[in-house]
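In short: position in the sequence shown from 1, add 696, done, that's this note's numbering.
Even glycine gets a Cβ: it sits at the ideal position worked out from N, Cα and C.
Working notes for the structure below.
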Amino acid sequence: MSKNILGDSANFQAKVSSVLNRNVKEFGKKFLFDGRDDTCWNSEQGSPQWIGIELVEDHTITELQIMFQGGFVGKNCFIESKATDLKVPFYPEDTNKLQKFPIDLKIPVKSLKIVFEESTDFFGRVTIYQTMNTNRSCGCKSFRSCYICEKEFGIKNSDTAQDRVDGFQTIFKFCLEQELLFSDTDNAPQSDGIPFPGVKIFPEFISIEEEKQLIQDLDSLPWDASQSGRRKQNFGPKANFKKRKAKILDDEANVVFNPFDDANLRHDNAPSYSLKDTQKLLNGAVKIPLPRRSLLVFFGEPRYDWEHCILRQDISQRRIVIAYREFTPPYLPGGAHEDIGEEILNKAKEFW
């Protein structure tokens, strides 16, 4: 199993040939290694463009993994090192997916240079969302990590979600019986509770026997590894969130958009913590207990206006979540795809 030598910024330094419009805040080299799909390094126009890596110690390089913006096809790309005259070519394809290239520089090296001398990109510009060289059995990719690979490879990972929760002065706890919020601080006086509409929890929604049967049925199907280290099964539409074909609006189009999820793709989910925007009236984090075999339904503000997460330290054993998505208007009565929606609903009624 290979190890990601770019997993800790203390292990290397990086340089790039250029940054688009010298805008390092949006397109700088740091975005090559942040593990996010919504950020990227973007070079200026012209050839060649390159990425330089200086490692703290020698490493034997076995594989390069890199994800370009769609539309990039490499005609003359290679990786080289100061320690050898060898140049190992690789040929990126026109795809947004993470591409893997075997690399053999024959000897351990400290310096690497990834060079893009020529491409079919019309502007001669290189856009890369992430670069890495790791292959982990847990499924984690890029700089996402879990307890397994952190222990195995000594990866340092800051818990952003926990840091955000810790940043709030007040932590509220949602009471299942009263459906009210109470302060979760030990020394805080108990109040009458704060109404928190938009959250419904149904304990023991399924029986113990139904739970066992569900787990057995799910385990009879293949689990897919996700880049976050979790395993998942998808039964709905697949979406490519990396195509990024949207055109930039004109400057005069001064419109403020609410950050709602795409109505065709995402709907309710089942988190145990919600992080509230500090500009809202209720300033704090809300802790929502999720009893085993319970059903959680979000609607209104908690669904659309709050951020949601499950703190990983709260998971001590195997945890399975089944997230149901509601139909969007085209699949409801009177919609363009009403027949498809009706067919799915009829099949769903035959589950048990």
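Margin query: Suppose contacts are defined by Cβ-Cβ distances below 8 Å. Is Gln-874 in contact with Gly-889 by that definition?
Written below: Reading the sequence shown from its first residue, position 178 is the one you call residue 874. Reading the sequence shown from its first residue, position 193 is the one you call residue 889. Yes, these two residues count as a Cβ contact at 8 Å.
Next item on the list: Within the same chain, show all residues whose beta-carbon is closer than 7 Å to that of Glu-905, passing over the 5 residues directly before and after it, in chain order.
Entry: As a first step, residue 905 must be located in the sequence shown, where it is residue number 209. The answer is none, since no qualifying residue turns up.
Check: Which value, in whole angstroms, describes the spacing of the CA atoms of Glu-1046 and Pro-1026?
Finding: To locate residue 1046, count along the sequence shown from 1; it is residue 350. To locate residue 1026, count along the sequence shown from 1; it is residue 330. Whole-angstrom Cα-Cα distance: 23 Å.
Item checked: Boundaries (first-last residue) of the beta strand (DSSP E) holding Ala-981 -> Residue numbering aside, residue 981 sits at position 285 when the sequence shown is read from its first letter. Start and end: 981–983.
Note to self: Taking 8 Å as the threshold (C-beta atoms), are Ile-762 and Gln-795 in contact?
What the structure shows: By 1-based counting over the sequence shown, the position of residue 795 is 99. By 1-based counting over the sequence shown, the position of residue 762 is 66. Yes, the pair counts as a contact, with Cβ atoms nearer than the cut-off.
Note to self: For the pair the segment 740–756 and the segment 704–721, tell me if three or more CB-CB distances fall below 8 Å.
What the structure shows: yes
Check: Do you know how far the Cα of Lys-809 is from the Cα of Ser-739?
Finding: In the sequence shown, the residue the question calls residue 739 occupies position 43. In the sequence shown, the residue the question calls residue 809 occupies position 113. Taking the straight line from one Cα to the other gives about 15 Å.
Margin query: Check for me: the alpha helix (DSSP H) holding Phe-723 runs from which residue to which?
Written below: The count along the sequence shown starts at 1 and reaches residue 723 at position 27. 720–723 is the span of the alpha helix (DSSP H), which, as asked, contains Phe-723.
Note to self: Could you check whether the segment 995–1012 touches the segment 853–862, counting it as contact only if at least three pairs of C-beta atoms, one from each stretch, sit closer than 8 Å?
What the structure shows: yes
Note to self: Taking its Cβ as the centre, do 16 or more other Cβ atoms sit within 10 Å of Gln-765, making it buried, or is it exposed?
What the structure shows: Against the sequence shown, residue 765 aligns to sequence position 69. Flag for Gln-765 reads buried.
Checklist line | Span separating the alpha-carbon of Lys-896 from that of Leu-876 | finding: As a working note, residue 896 is residue 200 in the sequence shown. As a working note, residue 876 is residue 180 in the sequence shown. If you take the alpha carbons of Lys-896 and Leu-876, they lie about 11 Å apart.
Notebook entry, point to check: Helix, strand or coil for Thr-1051 per DSSP?
Noted result: Past the edges of the chain, shown from 697 to 1048, lies residue 1051, and the structure says nothing about it.
Check: Which residues does DSSP pair with Asp-913 in a beta bridge?
Finding: For the purposes of this step, residue 913 is taken as residue 217 along the sequence shown, with counting starting at 1. None; Asp-913 has no bridge partner.
Check: Which word fits Ala-1019, buried or exposed, when buried means at least 16 other C-beta atoms lie within 10 angstroms of its C-beta?
Finding: Along the sequence shown, one-based indexing puts residue 1019 at 323. By the neighbour-count rule (16 or more Cβ atoms within 10 Å), Ala-1019 is not buried but exposed.
Notebook entry, point to check: Which term fits Ser-903, buried or exposed, when burial requires 16 or more other beta carbons within 10 angstroms of its beta carbon?
Noted result: As a working note, residue 903 is residue 207 in the sequence shown. Flag for Ser-903 reads exposed.
Note to self: Please list the terminal residues of the continuous beta strand (DSSP E) segment that includes Ala-710.
What the structure shows: Counted from its first residue, the sequence shown places residue 710 at position 14. First-last of the beta strand (DSSP E) with Ala-710: 708–712.
Next item on the list: Could you check what DSSP says for Phe-931 in three-state terms: helix, strand or coil?
Entry: Residue mapping note: residue 931 aligns to position 235 of the sequence shown, counting from 1. Coil.
Next item on the list: Pull up the distance between the alpha-carbon of Lys-806 and that of Gln-929, whole angstroms please.
Entry: Taking the sequence shown and counting its residues from 1, one reaches residue 806 at position 110. Taking the sequence shown and counting its residues from 1, one reaches residue 929 at position 233. Answer to the nearest angstrom: the Cα atoms are 40 Å apart.
Next item on the list: Compare the beta carbon distance of Ser-777 and Leu-801 with 8 Å and say whether it is the shorter of the two.
Entry: Here residue 777 refers to the residue found at position 81 of the sequence shown. Here residue 801 refers to the residue found at position 105 of the sequence shown. Against a cut-off of 8 Å, the Cβ pair of Leu-801 and Ser-777 comes out as a contact.
Next item on the list: List the endpoints of the continuous alpha helix (DSSP H) containing Asn-1042.
Entry: Here residue 1042 refers to the residue found at position 346 when the sequence shown is read from its first residue. First-last of the alpha helix (DSSP H) with Asn-1042: 1034–1044.
Notebook entry, point to check: Where do the N-terminal and C-terminal ends of the alpha helix (DSSP H) with Pro-918 fall, by residue?
Noted result: Locating residue 918 in the sequence shown gives position 222, where the first residue counts as 1. That residue, Pro-918, is in no alpha helix (DSSP H); it is neither H nor E in DSSP.
Next item on the list: Confirm, please, whether the CB-CB distance from Leu-991 to Phe-898 is below 8 Å.
Entry: Numbered from its first residue, the sequence shown carries residue 898 at position 202. Numbered from its first residue, the sequence shown carries residue 991 at position 295. Contact: yes.
Notebook entry, point to check: For Glu-900, which option in Leu-914, Val-982, Thr-856 and Arg-989 has the closest C-alpha, if you only look at C-alpha atoms?
Noted result: Here residue 900 refers to the residue found at position 204 of the sequence shown. Per the Cα distances, Arg-989.
Checklist line | Spatial neighbours of Thr-735 in its chain, beta-carbon cut-off 6 Å, leaving aside the 5 residues before and after | finding: For this step, residue 735 is matched to residue 39 along the sequence shown. Same-chain partners within the cutoff: Phe-727.
Item checked: Cβ neighbour criterion (16 or more within 10 Å) applied to Val-822 -> Within the sequence shown, numbered from 1, the residue matching residue 822 stands at position 126. Buried: at least 16 other Cβ atoms inside 10 Å.
Check: Given that a residue counts as buried once 16 or more other Cβ atoms are within 10 Å of its Cβ, and exposed if not, what is Leu-917?
Finding: Your numbering for residue 917 matches position 221 in the sequence shown. So Leu-917 counts as exposed.
Check: The beta strand (DSSP E) with Glu-759 in it runs from where to where?
Finding: Residue numbering aside, residue 759 sits at position 63 when the sequence shown is read from its first letter. Its beta strand (DSSP E) spans residues 759–764.
Margin query: Beta-carbon within less than 8 Å of Val-715's beta-carbon, same chain only, minus the 5 sequence neighbours each way: which residues are those?
Written below: By 1-based counting over the sequence shown, the position of residue 715 is 19. Excluding sequence neighbours, Val-715 sits near Phe-723, Gly-724, Lys-725, Trp-737, Asn-738, Ser-739 and Glu-740.
Check: Shortest alpha-carbon distance to Gly-925 belongs to which of Lys-847, Cys-834, Gly-1031 and Ile-775?
Finding: By one-based count along the sequence shown, residue 925 stands at place 229. Looking at the Cα atoms, Cys-834 is the closest of the given residues.
Notebook entry, point to check: Sorted by chain position, which residues of the same chain lie with C-beta nearer than 6 Å to Cys-842's C-beta, five sequence neighbours on each side aside?
Noted result: Taking the sequence shown and counting its residues from 1, one reaches residue 842 at position 146. Taken in chain order, the residues that qualify are Cys-834, Cys-836 and Gly-925.
Check: Considering only C-alpha positions, which residue in the set Thr-758, Asn-719, Val-982 and Thr-1024 is nearest to Leu-872?
Finding: By one-based count along the sequence shown, residue 872 stands at place 176. Nearest option by C-alpha distance: Val-982.
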